[in-house]
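Chemist: Quick note, the sequences are listed as chains A and B, same order.
Heads up: the first sequence runs through residues 3 to 317, numbered per the numbering used here.
Heads up: the second sequence runs through residues 7 to 154, numbered per the numbering used here.
Every residue, glycine too, gets a C-beta built ideally from N, C-alpha and C.
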Amino acid sequence: MNDLDEFSTSAAQSATSRRGFLKCGAWAGAGILWTVAGGIPRSTGLGFGRSAEAATGLNFVQISDSHIGFNKAPNPDAAGTFTEAIGKVRALAVQPAFMIHTGDVSHLSKPGEFDTAAEIIKGANLDVHYVPGEHDVLADDGKTFFERFSRSANGWYSFDQEGVHFVALINVLSFKAGGYGHLGEDQLRWLEADLKPLSASTPIVVFTHIPLWLVYADWGWGTDDAAQAMTYLKRFGSVTVLNGHIHQVIQKIEGNVSFHTANSTAFPQPAPGTAPNPGPMKVEAGRLKSLLGIAEVKLVSVREPLAIVDTPLSA
Amino acid sequence: MCNFRKRLPRLKAGRLAVIWLIAILGMLLGPAQGWGQPSDQAGGENGAPTSIPLPGGVQAIATGQQVDINNFDFSPMSLTIEAGARVTWTNHDDIPHTVVSSDNPPVFKSPPLDTDDAFSVTFAKPGTYTYFCSVHPKMVGTIIVRAK
């Protein structure tokens with residue numbers, strides 16, 4: 003708890019600039035449109051306000067919490083809604099450069115669940131960068147997940163695209179009783195070294211499963227050593243943190259850092275504290291698809307912030 | 007909204023009888039079994055009760071001490087048993103949970119327990135065993151094992 007409190011404080015103190023502006027348009031559809039503009043995040047509603055710059059920038063899509071294998075109320079067919087979400091990606095007016103999956107690909111870490119997910123994702127015909135959720139590492143410390151989807155020996159990695167530095171972190175291993183998401187010393191050391199050579203004007207996008215800020219303590223929706231990670235990130239002019247895990251869109255801006263969580267493609271979870279526990283929300287069938295979705299992210303070469311558009315499945 | 011408690015009444019009804027049965031079985035079988043460290047066993051898809059042979063070839067069904075997983079809680083959160091007793095956790099939630107001891111390395115660890123799955127551990131040595139759900143680490147519980 004102390005670490006989490008410190009994180010909020012330190013992030014607030016690092017608010018040297020208010021350029022890290024992010025807003026989100028969510029409606030009945032299926033995506034988040036992210037636009038990194040002039041190195042700064044902004045959001046635009048998909049389908050309105052689209053400008054000519056959009057065609058020249060970097061677009062990518064965030065999908066999350068597909069939970070393949072989940073088959074209970076309110077969604078007996080998580081594979082079906084995931085397929086629908088991939089269909090939304092294919093139908094985007096501007097095809098994204100790649101996708102990120104922010105974890106809980108599977109529900110029970112079963113090989114068949116991972117294989118089904120991979121098969122559905124193939125339909126997008128896009129390169130996909132994954133991080134695991136806790137549901138992906140339930141068995142054998144995640145070996146089944148990592149041998150299919152990992153891009154590095156440790157599981158965490160970074161890459162550059164169109165001048166944006168992307169960092170994939172893992173915070174679902176080594177949970178402790180009563181605890182939160184955890185990055186760990188090794189990964190934090192790696193993060194510090196990874197960011198060191200970059201200029202402060204490099205736009206950074208960090209993605210990991212559990213939110214890197216404390217969304218809700220009672221349900222463990224936070225990462226206990228995120229504060230340390232933020233000390234390495236605070237010198238950058240634009241940092242965008244994309245998370246999953248909580249199956250709903252919540253955003254927060256602290257200084258140059260914009261935090262954003264994505265919808266699940268499988269089932270919604272209640273807003274923090276609005277239910278006795280964070281189990282699946284039992285919504286009626288007609289409403290379900292308005293609470294599931296994907297996120298499209300855009301980078302454009304104008305002096306505007308990065309844009310995120312959350313698109314529910316039912317448009 | 008949720009139907010988490012559908013299996014509770016059945017479990018409560020038999021609990022007292024089960025406690026006595028376990029105590030008697032423990033006395034009868036304890037020394038012969040040579041219990042050492044906690045030994046764990048997943049109960050399969052439906053958490054079938056374990057059949058324990060009695061002297062004379064009589065079979066008794068012993069479900070052991072129960073911990074129910076309801077509403078993202080272990081119930082009871084703290085359970086006191088005698089050394090040699092067996093504890094069975096059953097997941098009644100519509101989301102998977104696990105039962106993992108807090109020790110490093112863990113002295114017992116369940117596979118993921120989907121709805122209605124069960125997992126059992128026999129506790130041989132007296133002591134206090136704390137555990138948690140490795141999917142939802144806010145879920146914690148304790149088994150206190152007393153010497154016989």
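Residues of chain A with a CB under 7 Å from the CB of Asn97 of chain B: which are they?
Modeler: Counting from 1 along the second sequence, the entry for residue 97 of chain B is found at position 91. Chain A residues near Asn97 of chain B: none, gap ~12 Å exceeds 7 Å.
Chemist: Arg285 of chain A: which of A:Ala268, A:Thr210, A:Val133 sits nearest, CA to CA?
Modeler: By one-based count along the first sequence, residue 285 of chain A stands at place 283. Position check: residue 285 of chain A holds Val in this sequence, whereas Arg was assumed. For the residues A:Ala268, A:Thr210, A:Val133, the minimum Cα distance to Val285 of chain A belongs to A:Ala268.
Chemist: If you measure from the beta carbon of Asn279 of chain A to each beta carbon in chain B, is any gap under 8 Å?
Modeler: For the purposes of this step, residue 279 of chain A is taken as residue 277 along the first sequence, with counting starting at 1. Taking Cβ atoms only, chain B reaches closer than 8 Å to Asn279 of chain A, which makes this a yes.
Chemist: Alpha carbons only, please: which of B:Thr148, B:Pro102, B:Ser126, B:Phe114 is nearest the one belonging to Val139 of chain A?
Modeler: On the first sequence, position 137 is the one that residue 139 of chain A refers to. Cα-wise, what sits closest to Val139 of chain A is B:Pro102.
Chemist: Just tell me which of A:Gly82, A:Ile212, A:Lys112 has its CA closest to the CA of Asp226 of chain A.
Modeler: Within the first sequence, residue 226 of chain A is the residue found at index 224, counting from 1. When each option's Cα is compared against that of Asp226 of chain A, the closest is A:Ile212.
Chemist: So the candidates are A:Lys145, A:Ser108, A:Lys300; which of them puts its Cα closest to the Cα of Ala80 of chain A?
Modeler: Walking along the first sequence from the start, residue 80 of chain A turns up at place 78. When only C-alpha atoms are compared, the closest one is A:Ser108.
Chemist: So, using beta-carbon positions, are Val127 of chain B and Val93 of chain B closer together than 8 Å?
Modeler: Against the second sequence, residue 127 of chain B aligns to sequence position 121. Against the second sequence, residue 93 of chain B aligns to sequence position 87. Yes. Within cutoff.
Chemist: Exposed or buried, Phe177 of chain A, counting other C-beta atoms within 10 Å across all chains shown (16 or more means buried)?
Modeler: Here residue 177 of chain A refers to the residue found at position 175 of the first sequence. It counts as buried.
Chemist: Check whether the Cβ of Lys254 of chain A lies closer than 8 Å to any Cβ atom in chain B.
Modeler: Numbered from 1 along the first sequence, position 252 holds the residue referred to as residue 254 of chain A. Closer than 8 Å: no.
Chemist: Using a cut-off of 7 Å between C-beta atoms, extract the partners of Val151 of chain B located in chain A.
Modeler: Along the second sequence, one-based indexing puts residue 151 of chain B at 145. Per Cβ cutoff of 7 Å: no residues; Val151 of chain B is ~18 Å from chain A at best.
Chemist: Hey, how far is the Cα of Gly275 of chain A from the Cα of Arg289 of chain A?
Modeler: The sequence position of residue 275 of chain A within the first sequence is 273, counting from 1. The sequence position of residue 289 of chain A within the first sequence is 287, counting from 1. Each residue's Cα considered, the two are about 21 Å apart.
Chemist: Less than 8 Å between the beta carbons of His249 of chain A and Asn265 of chain A, yes or no?
Modeler: Numbered from 1 along the first sequence, position 247 holds the residue referred to as residue 249 of chain A. Numbered from 1 along the first sequence, position 263 holds the residue referred to as residue 265 of chain A. Their beta carbons are under 8 Å apart, which means His249 of chain A touches Asn265 of chain A by this criterion.
Chemist: What does the alpha-carbon distance come out to for the pair Val169 of chain A and Thr148 of chain B?
Modeler: Residue mapping note: residue 169 of chain A aligns to position 167 of the first sequence, counting from 1. Residue mapping note: residue 148 of chain B aligns to position 142 of the second sequence, counting from 1. Taking the straight line joining both Cα atoms gives about 38 Å.
Chemist: Along chain B, in chain order, which residues have C-beta atoms closer than 8 Å to that of Gly222 of chain A?
Modeler: Stepping through the first sequence from its first residue, residue 222 of chain A is reached at position 220. Under the 8 Å cutoff, chain B gives His142, Pro143, Lys144.
Chemist: Could you list which residues in chain A have their beta carbon closer than 9 Å to that of Thr104 of chain B, in chain order?
Modeler: Against the second sequence, residue 104 of chain B aligns to sequence position 98. In chain order: Leu140.
Chemist: If you draw a straight line from the alpha carbon of Val105 of chain B to that of His184 of chain A, how long is it in whole angstroms?
Modeler: Translated into positions along the second sequence, residue 105 of chain B becomes position 99. Translated into positions along the first sequence, residue 184 of chain A becomes position 182. Taking the straight line from one Cα to the other gives about 19 Å.
Chemist: Under 8 Å, CB to CB, which of the residues in the stretch 90-119 of chain A have a partner in chain B?
Modeler: Against chain B - using a Cβ distance shorter than 8 Å - the residues of the stretch 90-119 of chain A are His109, Leu110, Ser111.
Chemist: Does Asn156 of chain A pass the burial test, meaning 16 or more other C-beta atoms within 10 Å, or should it be called exposed?
Modeler: Here residue 156 of chain A corresponds to residue number 154 of the first sequence, with the count starting at 1. Exposed is the call here.
Chemist: Against His137 of chain A, what residues of chain B qualify as contacts under a CB-to-CB distance less than 9 Å, listed in chain order?
Modeler: Numbered from its first residue, the first sequence carries residue 137 of chain A at position 135. Per Cβ cutoff of 9 Å: Pro102, Pro118, Val141.
Chemist: Residues of chain B with CB closer than 7 Å to the CB of Lys178 of chain A, please, in chain order.
Modeler: Your numbering for residue 178 of chain A matches position 176 in the first sequence. The contacting residues are Pro143.
Chemist: Closest to Pro199 of chain A by CA distance: which of A:Asp162, A:Ser260, A:Thr242, A:Leu315 is it?
Modeler: On the first sequence, position 197 is the one that residue 199 of chain A refers to. The residue with the shortest Cα to Cα distance from Pro199 of chain A is A:Asp162.
Chemist: Anyone know if the C-beta pair for Ser107 of chain B and Phe114 of chain B falls short of 8 Å?
Modeler: Within the second sequence, the letter at position 101 stands for residue 107 of chain B. Within the second sequence, the letter at position 108 stands for residue 114 of chain B. Their beta carbons are under 8 Å apart, which means Ser107 of chain B touches Phe114 of chain B by this criterion.
Chemist: Could you tell me which of A:Tyr234, A:Pro278, A:Leu214 sits nearest to Ser260 of chain A, measuring between CA atoms?
Modeler: By 1-based counting over the first sequence, the position of residue 260 of chain A is 258. That would be A:Leu214, whose Cα lies nearest to the Cα of Ser260 of chain A.
Chemist: Please return the same chain residues whose Cβ sits closer than 8 Å to the Cβ of Met101 of chain A, not counting the five positions on each side in sequence.
Modeler: Position 99 of the first sequence, counted from the start, is the residue given in the question as residue 101 of chain A. Phe62, Val63, Gln64, Ile65, Val91, Ile123, Ala126, Leu128, Asp129, Val130, His131, listed in sequence order.
Chemist: Would you mind telling me which residues of chain A sit closer than 9 Å to Ser126 of chain B, beta carbon to beta carbon, in chain order?
Modeler: Sequence index remark: in the second sequence, residue 126 of chain B carries index 120 (1-based). The premise fails here: Ser126 of chain B is roughly 19 Å from chain A at the closest Cβ pair, so nothing lies under 9 Å.
Chemist: Let's see if you can read the secondary structure: which residues bound the beta strand (DSSP E) around Gln253 of chain A?
Modeler: Position 251 of the first sequence, counting from 1, holds the residue named residue 253 of chain A. From DSSP, the beta strand (DSSP E) with Gln253 of chain A extends over 253-256.
Chemist: For Trp192 of chain A, which of helix, strand or coil comes out of DSSP?
Modeler: On the first sequence, position 190 is the one that residue 192 of chain A refers to. DSSP places Trp192 of chain A in helix when its eight states are reduced to three.
Chemist: Would you mind working out which of A:Ile252, A:Ser292, A:Glu164 sits nearest Ala99 of chain A, comparing C-alpha positions?
Modeler: Translated into positions along the first sequence, residue 99 of chain A becomes position 97. Cα-wise, what sits closest to Ala99 of chain A is A:Glu164.
Chemist: According to DSSP, simplified to helix, strand and coil, what is Arg152 of chain B?
Modeler: The residue labelled residue 152 of chain B in the question sits at position 146 within the second sequence. Looking at Arg152 of chain B - three-state DSSP - the assignment turns out to be strand.
Chemist: Let's see if you can read the secondary structure: which residues bound the beta strand (DSSP E) around Met101 of chain A?
Modeler: Here residue 101 of chain A corresponds to residue number 99 of the first sequence, with the count starting at 1. Here the beta strand (DSSP E) through Met101 of chain A covers 100-103.
Chemist: Can you say whether Glu256 of chain A is buried or exposed, counting buried as having 16 or more other CB atoms within 10 angstroms of its CB?
Modeler: Within the first sequence, numbered from 1, the residue matching residue 256 of chain A stands at position 254. That one is buried.
Chemist: By how many angstroms is the C-alpha of Leu235 of chain A removed from the C-alpha of Ser154 of chain A?
Modeler: Along the first sequence, one-based indexing puts residue 154 of chain A at 152. Along the first sequence, one-based indexing puts residue 235 of chain A at 233. Each residue's alpha carbon lies about 22 Å from the other.
Chemist: Could you check what DSSP says for Gln163 of chain A in three-state terms: helix, strand or coil?
Modeler: As a first step, residue 163 of chain A must be located in the first sequence, where it is residue number 161. Strand at Gln163 of chain A.
Chemist: Which ranges does the alpha helix (DSSP H) cover as unbroken runs of at least 4 residues, wholly within the stretch 209-296 of chain A, from first to last along the chain?
Modeler: With a minimum length of 4 residues, the continuous alpha helix (DSSP H) runs that stay inside the stretch 209-296 of chain A are 228-235, 287-290.
Chemist: Using the Cα positions of Phe209 of chain A and His167 of chain A, report the straight-line distance between them to the nearest angstrom.
Modeler: Within the first sequence, the letter at position 207 stands for residue 209 of chain A. Within the first sequence, the letter at position 165 stands for residue 167 of chain A. Those two C-alpha atoms are separated by around 11 Å.
Chemist: By how many angstroms is the C-alpha of Asp312 of chain A removed from the C-alpha of Gly295 of chain A?
Modeler: Indexing the first sequence from 1 puts residue 295 of chain A at position 293. Indexing the first sequence from 1 puts residue 312 of chain A at position 310. About 7 Å.
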